[in-house]
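Q:
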Amino acid sequence: MRLVKLLLRQSFGLVVLSVLCGLLSGAAFAALVALLNEALASDEGRLGDLGVKFVAVAALALVTRVASQVLLTWVRHRALLEMRHHLASRILAAPLRSLEEQGPHLVLGALMEGVVTAGTGLSILPFFFTNVIVILASLSYLAWLSLGALGVMLACIVVGLVTYWIPTIHAMRLLEQGRNVQDTVFKQFQSLVSGIKELKLHRRRRGAFLDEHLVPTIEKMQRLGVKSQNFFTGSSAWGLLFFFVFLGVLVFVYQRWVPLDRATLTGYALATLYIQQPLGAIMDMIPVIGQGEVAVQKIEKLGLSLSTERNLAPRAEPPEAPRAFEVIELSKVTHTYHRENEEGGFTLGPIDLTLRRGELVFVVGGNGSGKTTLAKLITGLYTPEGGEIQLDGRPVSDADREDYRELFSAIFSDFHVFDVLLGLSPAQRETRVKHYLARLLLDKKVAVVGGALSTTALSQGQRKRLALLATYLEDRPIYLFDEWAADQDPQFKDVFYRELLPELRSQGKTVVAITHDDRYFDLADRVVKLEDGRLAADATLRAGSTPKAAAGAPVLPPMDQP
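Numbering (numbering that gives the first Met the number 0) for the sequence shown: 0 to 561.
1. Pairing CB atoms from the segment 241-248 with CB atoms from the segment 264-281, are three or more of them under 8 Å?
2. Which term fits K463, buried or exposed, when burial requires 16 or more other beta carbons within 10 angstroms of its beta carbon?
3. Could you check the C-alpha separation between S304 and P489 for me, to the nearest Å?
4. Quick one: residues in its chain with C-beta nearer than 8 Å to the C-beta of K4, no 5 flanking neighbours on either side, listed in chain order?
5. Apart from the five residues on each side of it in sequence, which residues of its chain come closer than 6 Å, Cβ to Cβ, to R314?
6. Do the segment 356-364 and the segment 510-526 touch if we need at least three Cβ pairs shorter than 8 Å?
7. Going by DSSP, what residue range makes up the beta strand (DSSP E) through A409?
8. Rounding to the nearest angstrom, what Cα-Cα distance links Q221 and N366 in this structure?
9. Using C-beta distances below 7 Å, list every residue in its chain close to H212, excluding the 5 sequence neighbours before and after it, in chain order.
10. Spatial neighbours of P383 within its chain, please: CB distance less than 7 Å, with the 5 preceding and 5 following residues excluded, ordered by chain position.
11. Where does G247 land, buried or exposed, given buried means 16+ other C-beta within 10 angstroms?
12. Quick check: the Cα distance between R178 and S227, rounded to an integer number of angstroms?
13. Taking three-plus beta-carbon pairs below 8 Å as touching, is the segment 278-292 in contact with the segment 136-155?
14. If I'm right that F324 touches D391 with Cβ under 8 Å, what's the distance once you round it to whole angstroms?
15. Under 8 Å between the Cβ atoms of F345 and T371?
16. What is the rounded straight-line gap between the Cα of R475 and the Cα of E197?
17. Please report the straight-line C-alpha distance between R404 and L479, rounded to a whole angstrom.
18. Can you look up K331 in the DSSP assignment and give me helix, strand or coil?
19. Name the residue from V151, Q461, F28 and S190 whose alpha carbon lies nearest to the alpha carbon of A270.
20. Compare the C-alpha of L352 against each of V527, Y163, T119 and A398 and name the closest.
21. Which same chain residues end up closer than 6 Å to V447 when comparing Cβ atoms and leaving out the 5 residues on each side of it in sequence?
22. I'd like to know whether the C-beta atoms of I563 and G266 end up nearer to each other than 8 Å.
23. Just to confirm, are V287 and F128 a CB contact at a threshold of 8 Å?
24. Please confirm whether V445 and S453 have their CB atoms less than 8 Å apart.
25. Give me the Cα-Cα distance between R83 and L13, rounded to the nearest whole angstrom.
26. My output table needs one value for L540: the three-state DSSP class, helix, strand or coil.
27. For Y519, report the span of its alpha helix (DSSP H) as first-last.
28. Kindly indicate which three-state DSSP category D493 falls into: helix, strand or coil?
29. Roughly how many whole angstroms lie between the Cα atoms of C155 and L141?
30. Might you give, ordered along the chain, the residues of its own chain that have their beta carbon closer than 6 Å to the beta carbon of E473, omitting 5 neighbours on each side?
31. In whole angstroms, give me the CA-to-CA distance for R1 and L16.
This is the structure:
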């Protein structure tokens, strides 16, 4: 059982101690039933002594039960923390392509709904175990009263368990189906939020989205949830009924062959009725634990499908500053982009490309030509499926790919701005941030207080400038910009190309900019053009001169307007 393994993995010793406390608690509760039974059969003279024993045993039952549940609750919270941390670490360690293939709805669903559901299942495990121990202790007391009667009871329990678990297993399968449908619901909710403008502008599209996609999926999830809960409810009622069936068999059938004294019958009646409460609690907990089990299974499946890269464990000491480099060479690099539900996919390459220190390179090409895929290969976010990348003549392997990525600061078209300037020392933030905010014309809109941005609720172009601020503060050897200027006003676009990029180059930085702005091509040292995943041109440009072809590549043809 995955939930139990999670508990045991965190602190085996504490779990064992909790179970021992639970055993004492269960034995004490069973002893309370025995004392009550003895008091009912005793004369008035013994009631005082039995009363003192009852109070002492009740105190022991209370203390050990609380201790057991407190220990298990601590372990459960620790397990939940570790599960969240582990899943976040696996996501950070997973290859980017694997994450993109999974889709954000599955990843977010696991991080949010899946962890919450698993946590709910974990939260009731302490009470589940305590109730199980109480029942086992009560059965031990019944064995002491009469082994034969206990045999009849166990036979009834076996029949009850078999008839209980058949519908329960079916209910668990329905729960798993419901979780799969819930993933689809999350994906559709993501479409609802992301596509709200398109839906508002088109009545028929809006109606089709609701009536043909979202609502039917939600209704299917609701039907599966109701059916599974109905099976659990029926199973629970059936399981509880079997204890009354046992009492009927014991009183009306078993006694005809094996007569029992009144004290034994009273003890069995008291214990059986007492067991009803913890048993009913267990029956109610099983659906919740089942949902948690399914959630953990989904999370583990997601984690297993995200193949972990090497060399991503946290370091004992902060890594050294990114080292300088002279040249990066892509040699016959290929990568296939596999689209969902589509055979083949898009293949980039083979690509032969060289990037040198202090060089300003523009990458151009039509939509779908492979520019962003090439950028992710250059930065090490994608692993080449063919060929290799060399850093100063040394191949970049899986073992040092993480260190290789430390050379880059990048802003992709689907960038994210963190509201905290992460991974930067106070000196890096305080001494340079004001200068760059003013340089990027953001000093009147944004301030940095305690390492956090005062706001990120800006226009898309201004948010890109915030992302540029973070890259400036990182101060890496290589900068990569994916259509960065697309959302800038004409004035700042001109500043970006004519001032900011040349400034970076003058500092010895290598700059790779994906762009469609052909009016600025003369500012680049080289312009690389992609067509259908192939390198169509790699031209070296010099200020005031005509394009001159780089070795092995044709002269850059005129750029088509996007």
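In this text, a Cβ means the ideal position worked out from N, Cα and C, and glycines have one as well.
A: Looking at the atomic coordinates:
1. Touching, yes, given that three or more Cβ pairs across the two stretches are closer than 8 Å.
2. By the beta-carbon neighbour count (other beta carbons within 10 angstroms, threshold 16), K463 is buried.
3. Because the pLDDT at S304 is just 46, under 50, the model does not fix this residue reliably, and the value given afterwards should be weighed accordingly. About 45 Å.
4. Cβ neighbours of K4 beyond the five flanking positions: none.
5. Below a pLDDT of 50, predicted positions are generally treated as unreliable, and R314, at 48, falls in that range; no measurement from the model is reported.
6. Contact check between the segment 356-364 and the segment 510-526: three or more CB pairs, one atom from each, fall below 8 Å, which counts as touching.
7. Per DSSP, A409 belongs to the beta strand (DSSP E) from F407 to I410.
8. Looking at the backbone, the Cα of Q221 and that of N366 are separated by about 42 Å.
9. The beta carbon of H212 sits closer than 7 Å to the beta carbons of Q187 from its chain, once the five residues preceding and following it are set aside; these are given in chain order.
10. The answer, listed in chain order, is V332, T333, H334 and L376.
11. Flag for G247 reads exposed.
12. Looking at the two C-alpha atoms, the distance is approximately 12 Å.
13. Contact between the segment 278-292 and the segment 136-155 is not established, with fewer than three Cβ pairs separated by less than 8 Å.
14. With 8 Å as the limit, F324 and D391 qualify as a contact, their Cβ atoms being about 6 Å apart.
15. It is not a contact, given that the beta carbons lie outside the stated cut-off.
16. Approximately 39 Å between the Cα atoms of the pair.
17. The alpha-carbon atoms of R404 and L479 are separated by roughly 12 Å.
18. In the structure shown, K331 sits in a strand (DSSP, three-state: E or B).
19. If we check each option's Cα against that of A270, F28 comes out closest.
20. Checked all of V527, Y163, T119 and A398; the closest Cα to L352 is V527.
21. Hits under 6 Å: V432.
22. Outside the shown range of the chain (0 to 561) lies residue 563, about which nothing can therefore be said.
23. No; because the gap between Cβ atoms is not below 8 Å, this pair is not in contact.
24. Result yes, Cβ atoms of V445 and S453 sit closer than 8 Å.
25. A straight line joining the alpha-carbon of R83 with that of L13 spans about 21 Å.
26. DSSP places L540 in coil when its eight states are reduced to three.
27. Where Y519 is concerned, there is no enclosing alpha helix (DSSP H), given that its DSSP letter is neither H nor E.
28. Judged by DSSP in its simplified three-state form, D493 adopts helix.
29. Pairing C155 with L141, the inter-Cα distance amounts to about 14 Å.
30. Answer for E473: S408, listed in chain order.
31. Rounded to whole angstroms, R1 to L16 spans 20 Å at the Cα level.
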